[in-house]
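Novice:
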Amino acid sequence: MRKYTPARFTDVKLTGTFWRERLDTVLARTVPSQHRQLAAHGILESLKLPKPVPPVSIPPNRHNFTTQIFWDSDVGKWIEVASYALAHKRDAEIEARIDAIVEDLAKAQLPDGYLSCWYIQRELENRWTNLRDNHELYNAGHLLEGAIAYYQATGRRRFLDIMERYLDHISDVFGTGPGQKRGYPGHPEIELALVKLYHLTGDKRRLDLAAYFVNERGAEPNYFDIEAEARGDNHYWAGTHEYSQSHKPVREQDKAVGHAVRAMYLYTAMADLAAELDDAALKKACERLWEDITTKRMYVTAGVGPSAHNEGFTKDYDLPNDTAYAETCASVALILWAQRMLNLDLEGKYADTLELALFNGALTGLSRDGEHYFYDNPLESDGSHTRWTWHPCPCCTMNASRLIASVSGYFYATSADSLIVHLYGGTETTLDVAGTRVGVVEESDYPWSGAVSITLTPEAEAEFGLKLRIPGWARGARAKVNGETVDVSAGTVNGYLDIRRRWAKGDRVELDLPMQPERVYANPQVTADFGRVALKRGPLVYCLEHADNPDIPVRQTRLPRSAEVRAVAREDLFDGVTLLTAEGKAIGSDWHDTLYRTDPPEERPATLTAIPYFLWNNRGPGPMQVWVGDEA
Ligand SMILES: [Zn+2]
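Be aware that the sequence shown starts at 700, since it is given in this note's numbering, and climbs by one per residue.
(1) Looking at C-alpha atoms only, which residue of Ala910, Gly812, Pro948, Gly854 is the closest neighbour of Asn921?
(2) Which of helix, strand or coil does DSSP assign to Ile757?
(3) Does Leu1083 come out as helix, strand or coil in the three-state DSSP assignment?
(4) What's the gap between the Cα of Asp811 and the Cα of Asp871?
(5) Is it the case that the segment 973-983 contacts the segment 1012-1025, given that we only count it when at least three CB pairs across the two stretches are under 8 angstroms?
(6) Who are the near neighbours of Phe1313 in its chain, counting only those whose CB is closer than 7 angstroms to its CB and skipping five residues on each side?
(7) Mapping DSSP to helix, strand and coil, what is Pro1304?
(8) Can you list, in chain order, the residues of its chain with a C-beta nearer than 7 angstroms to that of Tyr1024? Leave out the 5 residues immediately preceding and following it.
(9) Hey, would you say the C-beta of Glu888 is under 6 angstroms away from at least one heavy atom of ligand 1?
(10) What residues in its chain sit with their C-beta under 7 angstroms from that of Lys982, if we drop five residues either side in the sequence?
(11) With contact counted as at least three CB pairs below 8 angstroms, one residue from each stretch, are the segment 1241-1257 and the segment 1083-1097 in contact?
(12) Taking 6 angstroms as the cut-off, does the CB of Cys1028 come closer than this to any heavy atom belonging to ligand 1?
(13) Would you tell me roughly how many angstroms separate the C-alpha atoms of Glu1183 and Leu988, rounded to the nearest one?
(14) Would the segment 735-746 count as touching the segment 1143-1154 if we require 3 or more Cβ pairs under 8 angstroms?
(15) Restricting to runs no shorter than 4 residues, where is the alpha helix (DSSP H) found entirely within the segment 758-811?
(16) Give the DSSP-derived three-state secondary structure of Arg905 in the structure shown.
(17) Please work out which residues of its chain come closer than 7 angstroms, Cβ to Cβ, to Leu809, disregarding the five sequence neighbours upstream and downstream, and give them in chain order.
(18) Taking a contact to mean a Cβ-Cβ separation below 7 angstroms, would you say Gln1255 touches Gly1283 in this structure?
(19) Using only the heavy atoms of ligand 1, determine whether one of them is closer than 6 angstroms to the beta carbon of Cys1095.
(20) Using a Cβ distance threshold of 8 angstroms, determine whether the segment 1075-1090 contacts the segment 1182-1198, with at least three qualifying pairs required.
(21) Tell me, please, whether the segment 936-948 touches the segment 768-785 by the rule of three or more beta-carbon pairs shorter than 8 angstroms.
(22) As a quick exercise: from Leu1065, Leu1122, Ala1115, Ala1104, pick the residue whose alpha carbon is nearest that of Trp1052.
(23) Note down the Cα distance separating Thr939 from Gly917, rounded to an integer number of angstroms.
(24) What whole-angstrom Cβ distance do Arg1231 and Asp1329 have, given they're in contact under 8 angstroms?
(25) Distance check for Phe1012 and His1071, CA to CA, integer angstroms please.
(26) Looking only at DSSP bridge pairs, what is Leu981 linked to?
(27) In the structure shown, what three-state DSSP assignment does Gly1283 receive?
(28) Tell me which same chain residues have a C-beta within less than 7 angstroms of the C-beta of Glu1026, skipping the five on either side of it?
(29) Please classify Ala1112: is it buried, with 16 or more other beta-carbons within 10 angstroms of its beta-carbon, or exposed?
(30) Counting along the chain, where does the alpha helix (DSSP H) carrying Gly845 start and finish?
(31) Please identify the residue among Gly854, Gly874, Leu804, Leu893 whose C-alpha is closest to the C-alpha of Glu844.
(32) Restricting to Cα atoms, I'd like to know which of Lys1204, Val1137, Ile861 is closest to Ala706.
(33) Thr1135 and Ala1161 - do their beta-carbons sit closer together than 7 angstroms?
(34) Just to confirm the assignment: which complete alpha helix (DSSP H) runs, minimum length 4, are found wholly within the segment 998-1042?
(35) Could you tell me the boundaries of the alpha helix (DSSP H) in which Leu893 lies?
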């Protein structure tokens, strides 16, 4: 069982301006615009079966693979986002759109429960013959997450019933029994959805199926080889089963390899199951993989998976900036994983990475207007990298928006005797803590300010621990309870300050997390960042963008270590933002046609202005740089 249970996002109201604005944008603009895009690109139409089969609209790649094969997942993810929106505010028009999709899926579903629109329409005889590449189980996972979210938002269970029938079919096909296929998903995802369904219904068969998929992964002989041979396919385009983390059994894995989103979803499922099944070996594997990534294979923005080649991991310290893939989905999934690790152990390192990924790697994926996206997230750009309105593979669009629409679910958790605060920002909630209903009102201008005030209103006086995360970046944190100072360093264990007392109505906790601008240096083995420095303040990573530095080449700058970095509040920019400025240097002038010379480049004084990385490319294209030159 989970030791720590996150509060549901529907139980936590966002009142602070930062997340309220993002949430309102997703509700008002992103959800409707994504539906328009799904319609415009033929994705909704693809669910209407049977009918004459139209030509494939996304041309196959060099491996003869079209991403159209996972259109069902995009529909499932949109329903999930839209349902999260409905949980905030019911909307008859959105519900009618979802119901229309559900009716199409109901008509498409085969009598035996099978439901993949691609296969039903185009190659039914080939169903369940290429789990490695063709995403049937991944699609089922996202449809299931959509069905769960829609049921939770509306109480309507038609979609959930459809998916339960599909799961019954999947359980018949896969497993270790006679006549069953020993297969598992090429792209993990359904495992997470099955655990969610288990939490919703208590149906142990769904948890067992998730455990089967995770346990079977990487068993020898490799199932993907068996099915490839049956297809007559003797050349695996990816070259290695590391690509799908099926190169060895999951409990033996100790390096993060292969496709980053697959890896993050798999590790999330492993952590889920470690908690549900009290599986120490699975937990240990998660801890090893966590250490591997966060000490050798993660960007300063919590982006993961540097290479476009495999959309994933390469080797230790290989973190190039201009070609960083760092897919938005991978950072979103890293947040899911971090949350699952926090269900197992209250360790500040998990919450620190969760927060880093939230404010940087993931939030960057959605534009201010709520209708433009990043798929890959480089840490420097010559100006050619820009947000797009849609993508042939629109996975990241709905991943960023479903995260934001449910972000309030990452703030609080409870255990048998404690209320835990992982994230800060203005929120209101009422939670069951150690048998008592406790109202919680948190006021804060986080992430712009580290001043946090929390007022507790237990329905009756009650003793419990209030565990407040003290972020790793916060030096000199201070806390008071009803005006009396609490010793933060003495009371903090593994990054959480534990204030245990008898709480009464109106008790007030003040927390001050100093947000000094900070310089961050990379391990020198990260050659891409060698001789460079990045700027942070609180959880936010900053970058130099052309829009704020029109007179200097932002990719050719230096910041002396002696220069003071100042935080500057700008109310006029993006509804209020804190910039960082410092007196640095701009390097180089006109070298004409010279490529090399013996005279060093010219330097001139220049004021450097840095903006939070998640906000870049919201003012048109232009060069951007996270890591600037470090001058000792
Ligand atoms: Zn993606």
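Heads up, the beta-carbon is just placed ideally off N, CA and C, and yes, glycines get one too. Keep in mind the model is a prediction, meaning the values are calculated, not measured.
Specialist: Answer, in terms of the structure:
(1) Pro948
(2) coil
(3) Leu is not the amino acid found at residue 1083; the sequence shown has Ser there. Three-state DSSP puts Ser1083 in coil, outside helix and strand.
(4) 10 angstroms
(5) no
(6) Phe1058, Asn1059, Leu1062, Thr1063
(7) strand
(8) Gly1004, Pro1005, Ser1006, Ala1007, Glu1010, Asp1075
(9) no
(10) Ala973, Leu1043
(11) no
(12) yes
(13) 41 angstroms
(14) no
(15) 770-787, 791-807
(16) helix
(17) Ile819
(18) no
(19) yes
(20) no
(21) no
(22) Note on identity: in this sequence residue 1052 is Thr, with Trp being the wrong assignment. Among Leu1065, Leu1122, Ala1115, Ala1104, the Cα nearest to that of Thr1052 is on Leu1122.
(23) 12 angstroms
(24) 5 angstroms
(25) 26 angstroms
(26) Answer is none; Leu981 lacks a bridge partner.
(27) strand
(28) Ala959, Val960, Gly1004, Glu1010, Tyr1074, Asp1075, Cys1095
(29) buried
(30) 835-853
(31) Leu893
(32) Val1137
(33) yes
(34) none
(35) 889-900
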